[in-house]
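One structure below.
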Amino acid sequence: MKRIVFRKLGRRIFAFACIGLGIVAVKLYQQHEQGTGTRFLVQVPAVRESVTGDRDLTRYDYGGEIKGCFTDPHSYRLEERSEREIKDEIKRCFAATLEARKFILAHWKSKSIGYILITATDSEFYLSRYIFIEPDDAGLWRIVIRHRVPYNYPSFNSEINIALAYELKIRPKMSSDVDTPGTSLLVFEDKNGKEVYSL
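What follows is the structure, encoded as C-alpha cells:
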C-alpha cells in the first residue's frame with residue numbers, strides 16, 4: 003500500500019514539476035518576446051544639406067556665375083594652352099568678377115535680394131560658393147557666403163562653411179591678394195569689422 007501511495011506521489015510531484023517548469027518557460031519566453039519584438043536595422047544615409055540652404059532661389063535675382071577663375075594655377079595646364087587662350091581666360095574672369103561686384107553692390111544699396119555663384123574646379127575638388135544678399139530674421143541686411151568643397155570621392159561629405167557679412171567696403175588690392183582682378187577689392191566684413199571674404 004505504501005508503495006502505491008509513493009508511486010502515485012512520485013507521479014504527482016513529477017507532474018507538478020513539469021507544469022511548474024512549463025509555466026516558467028512560457029513566462030521567460032513571453033518576457034523575451036515582449037522585450038525585443040521583431041526588429042530590423044535600417045541604415046538611412048544622412049540627408050546632405052544643400053549649399054543654398056532652404057532658400058527659394060526663384061525669389062532671388064540671379065547675378066550670374068563666375069566660373070573657373072579661382073582655381074589652383076597648376077590646374078590651368080598653362081603648358082598646354084596658347085598665350086592667347088590664357089589672356090582670353092584672364093579677361094573673361096576679370097569681366098565676370100567685375101560684373102559680380104557691381105551686382106552685389108547694387109543689390110546691397112537697394113536692399114534687394116539676390117545671389118551669385120562662384121564655381122571652380124581642380125584635379126581634386128569642385129567648389130561651389132554662393133553669395134546671398136538678403137535680410138536676416140531680424141530684418142538686418144547681410145551677405146551670406148556659403149560653400150562646400152567636396153573632393154572627387156562619393157563618400158566624402160564635407161560640411162558647409164558659412165560666413166556672414168554686415169558691411170561692404172572697397173579697398174586697394176594688396177600683394178597678398180592673389181588671383182583677384184583689378185586694383186581694388188570688394189571686402190565683406192562681419193559685425194565686428196573683421197574681413198570674412200573678398201572679391
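For the sequence shown, the working numbering gives the first residue as 3, with consecutive numbering after it. Note that beta-carbon positions come from the ideal geometry of N, C-alpha and C, so glycine has one too.
Using beta-carbon positions only, say whether Lys175 and Ser186 come within less than 8 angstroms of one another.
Yes. Within cutoff.
Look at the Cβ atom of Glu67, then the Cβ atom of Leu100, and state whether they are nearer than 8 angstroms.
In this structure, Leu100 does not lie closer than 8 angstroms to Glu67 by Cβ.
Looking at C-alpha atoms only, which residue of Val53, Tyr199, Ser52 and Arg61 is the closest neighbour of Ser114?
Proximity to Ser114 across Val53, Tyr199, Ser52 and Arg61 peaks at Arg61, based on C-alpha coordinates.
Local conformation of Ile164 per DSSP, three classes
When secondary structure is reduced to three states using DSSP, Ile164 falls in the strand class.
Can you tell me whether Arg86 is buried or exposed? The criterion is at least 16 other CB atoms within 10 Å of its CB, across all chains shown.
Exposed is the call here.
Would you kindly report the start and end of the unbroken beta strand (DSSP E) that includes Ile145?
Start and end: Trp143 to Arg150.
Could you give the first and the last residue of the continuous alpha helix (DSSP H) run that contains Ser177?
That residue, Ser177, is in no alpha helix (DSSP H); it is neither H nor E in DSSP.
Within this structure, are the beta carbons of Ile162 and Arg150 separated by less than 8 angstroms?
Yes. Within cutoff.
Beta-carbon within less than 8 angstroms of Trp202's beta-carbon, same chain only, minus the 5 sequence neighbours each way: which residues are those?
What is shown of the chain runs 3 to 201, which leaves residue 202 out entirely.
How far does the beta strand (DSSP E) with Ile186 in it extend, from its first residue to its last?
Before going further, note that residue 186 is Ser rather than Ile in the sequence given. Ser186 -> beta strand (DSSP E) spans Ser186 to Glu191.
Measuring alpha carbon to alpha carbon, tell me which of Glu91, Ala97 and Ile133 ends up nearest Ile106.
Nearest option by C-alpha distance: Ile133.
First and last residue of the beta strand (DSSP E) that includes Ile68?
Ile68 -> beta strand (DSSP E) spans Asp63 to Lys69.
Same chain, Cβ closer than 6 angstroms to Val189, five either side skipped, listed in chain order:
So the qualifying residues of the chain are Lys171, Arg173, Glu197 and Ser200.
Which of the three DSSP states is assigned to Thr54 in this structure?
For Thr54, the three-state secondary structure derived from DSSP is coil.
Check each candidate in Ser177, Glu91, Ile21 and Leu166 and name the one with the smallest Cα separation from Lys69.
In terms of Cα proximity to Lys69, the closest of Ser177, Glu91, Ile21 and Leu166 is Glu91.
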